[in-house]
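Counting from 1, one number per residue, gives the positions in the sequence shown under our numbering.
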Amino acid sequence: MTTALLCLPSSAYAAVFNIASGGQIFDFSTSVFTFSVSGEGTITDLNVRFSAQHTYDSDLTVFLRSPTGTQIQLFSQVGSFEDNFQDTLLDDQAAIAITAGDAPFIGAYRPSSPLSAFNGQNPNGTWTLSIVDDFAAEDGYLYQAGDAAPWGTALGTQLSFNSSTPVPYEFSPTLGILVLGGWGAATQLKKRLQKRK
C-alpha cells in the first residue's frame, strides 16, 4: 500500500504566553524581559498585554523583538506625568491609539507601530521586550500574571497569538485520507469505507 503525507491548515486559534519573569524597570537604562514561545504555527494576529507600575509613564519607550529579529516600537513617552499601565492591551484593531490615551491606559489601544509586522512569521523561540527609561529618579516594575499590583491582582504582561498550525493528513488508496493526531475523524472515515465494501 502506498501512502503520501501532506499538511492542510487548521483553523486559527489563540494562545497566551506570559513573560518569563517580571521585575524592576530601572531608571535611565534599558530593562530587558523575555517570553519563551513554543508549539505555535504561523502568526496571523498578535496582541500584547503590558502590565507595569511606573510613577511617570512618559519616561518609557517600549520595544518588542521577535525570534526572527523583527522589532517594533510599542509606544514611546505616552501618559504624561501620570502613573501605571493597568493591564493595558495593545491591539491593532483597537479604536483608540495609545498616543491618544490617558494613564493608566485601562482597556485596548493601538500600538505606535502595527503588530501586523509579525504576521506570517514563525513565533517559536525567545521574544524580547525592551523597556527604555529615559530619565533618572523614577523606577517602575513589570508584572507577571497573578502579581500584586497597585490596582489589585495583575493580569500580567503577555503575548497573545492567533496562529494557524498545519495538521498532517495521510492519504491511503484503500482508506482514503486519515488525520494524523485526529484519530476520531480517522476512525469515522474507516467505518464509512468499510460499510461501502
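Even for Gly, the Cβ is constructed at its ideal location relative to N, Cα and C.
Give me whichever residues DSSP pairs with Asn-18 in a beta bridge. As a position in the sequence shown, residue 18 is number 18, starting the count at 1. Answer is Gln-158, bridged to Asn-18.
Out of curiosity, what's the CA-to-CA distance linking Asn-122 and Leu-129? Residue numbering aside, residue 122 sits at position 122 when the sequence shown is read from its first letter. Residue numbering aside, residue 129 sits at position 129 when the sequence shown is read from its first letter. When rounded, the distance between both Cα atoms is 17 Å.
Would you report the Cα separation of Ser-160 and Tyr-143, rounded to the nearest angstrom? Indexing the sequence shown from 1 puts residue 160 at position 160. Indexing the sequence shown from 1 puts residue 143 at position 143. Those two C-alpha atoms are separated by around 16 Å.
Put Ala-95 into one of helix, strand or coil per three-state DSSP. One-based indexing of the sequence shown puts residue 95 at position 95. It is coil, neither helix nor strand.
Could you have a look at Phe-118 and say whether DSSP puts it in helix, strand or coil? Indexing the sequence shown from 1 puts residue 118 at position 118. Phe-118: helix per DSSP, three-state reduction.
Distance check for Glu-138 and Asp-147, CA to CA, integer angstroms please. The count along the sequence shown starts at 1 and reaches residue 147 at position 147. The count along the sequence shown starts at 1 and reaches residue 138 at position 138. Looking at the two C-alpha atoms, the distance is approximately 21 Å.
As a quick exercise: from Val-37, Tyr-109, Phe-63, Ala-136, pick the residue whose alpha carbon is nearest that of Asp-87. On the sequence shown, residue 87 is found 87 positions in, with the first residue counted as 1. Closest by alpha carbon: Tyr-109.
So is Ala-100 buried or exposed if we call it buried at 16+ other beta carbons inside 10 Å? Taking the first residue of the sequence shown as 1, we reach residue 100 at position 100. By the 10 Å Cβ count, Ala-100 comes out exposed.
Given a threshold of 16 other Cβ atoms within 10 Å of its Cβ, counted over all protein chains shown, does Thr-24 qualify as buried or as exposed? In the sequence shown, counting from the first residue as 1, residue 24 sits at position 24. The displayed chain sequence assigns Gln, not Thr, to residue 24. The residue is exposed, with fewer than 16 neighbouring Cβ atoms inside 10 Å.
Is the separation between the beta-carbon of Ile-98 and that of Pro-114 shorter than 9 Å? Reading the sequence shown from its first residue, position 98 is the one you call residue 98. Reading the sequence shown from its first residue, position 114 is the one you call residue 114. Cβ distance not < 9 Å, so Ile-98 and Pro-114 don't count as in contact.
Excluding the five sequence neighbours on either side, which residues of its own chain have a C-beta within less than 7 Å of the C-beta of Lys-197, listed in chain order? As a first step, residue 197 must be located in the sequence shown, where it is residue number 197. Low confidence applies to Lys-197: its pLDDT is 49, below 50, so where it sits in the model is not reliable, and the reading given next is rough at best. Cβ neighbours of Lys-197 beyond the five flanking positions: none.
Where does the unbroken beta strand (DSSP E) through Ala-52 begin, and where does it stop? Translated into the one-based positions of the sequence shown, residue 52 becomes position 52. Per DSSP, Ala-52 belongs to the beta strand (DSSP E) from 42 to 54.
With DSSP run on the structure shown, which of helix, strand or coil describes Ser-58? Here residue 58 is taken as the residue at index 58 of the sequence shown, counted from 1. Ser-58 falls in the helix class under three-state DSSP.
Assumed close pair Trp-127, Val-37 - CB separation to whole angstroms, cut-off 8 Å: Position 127 of the sequence shown, counted from the first residue, corresponds to residue 127. Position 37 of the sequence shown, counted from the first residue, corresponds to residue 37. Trp-127 to Val-37, Cβ: 6 Å. Contact.
Indicate whether Thr-42 and Ser-116 have their beta-carbon atoms separated by less than 9 Å. For the purposes of this step, residue 42 is taken as residue 42 along the sequence shown, with counting starting at 1. For the purposes of this step, residue 116 is taken as residue 116 along the sequence shown, with counting starting at 1. Their beta carbons are not under 9 Å apart, which means Thr-42 does not touch Ser-116 by this criterion.
Could you give the distance in angstroms between the alpha-carbon of Tyr-169 and the alpha-carbon of Gly-125? Stepping through the sequence shown from its first residue, residue 169 is reached at position 169. Stepping through the sequence shown from its first residue, residue 125 is reached at position 125. Legend: pLDDT at Tyr-169 = 42, less than 50; position of this residue unreliable, value from coordinates given subsequently. For Tyr-169 and Gly-125, the distance between alpha carbons rounds to 26 Å.
By alpha-carbon positions, which one of Leu-46, Thr-34, Phe-28 ends up nearest to Val-16? Position 16 of the sequence shown holds residue 16. Nearest of Leu-46, Thr-34, Phe-28 to Val-16, Cα basis: Leu-46.
7 Å CB neighbourhood of Gly-120 in its chain, flanking five on each side removed: Indexing the sequence shown from 1 puts residue 120 at position 120. Cβ neighbours of Gly-120 beyond the five flanking positions: Thr-42, Ile-43.
According to DSSP, is Gly-176 helix, strand or coil? Here residue 176 is taken as the residue at index 176 of the sequence shown, counted from 1. Note that Gly-176 scores a pLDDT of 49, beneath 50, so its modelled location is shaky and nothing firm can be said.
Considering only the beta carbon of each residue, do Ile-131 and Val-62 sit closer than 9 Å? As a working note, residue 131 is residue 131 in the sequence shown. As a working note, residue 62 is residue 62 in the sequence shown. In this structure, Val-62 lies closer than 9 Å to Ile-131 by Cβ.
Pro-104 versus Gly-39: straight-line alpha-carbon distance, rounded: Against the sequence shown, residue 104 aligns to sequence position 104. Against the sequence shown, residue 39 aligns to sequence position 39. Each residue's alpha carbon lies about 33 Å from the other.
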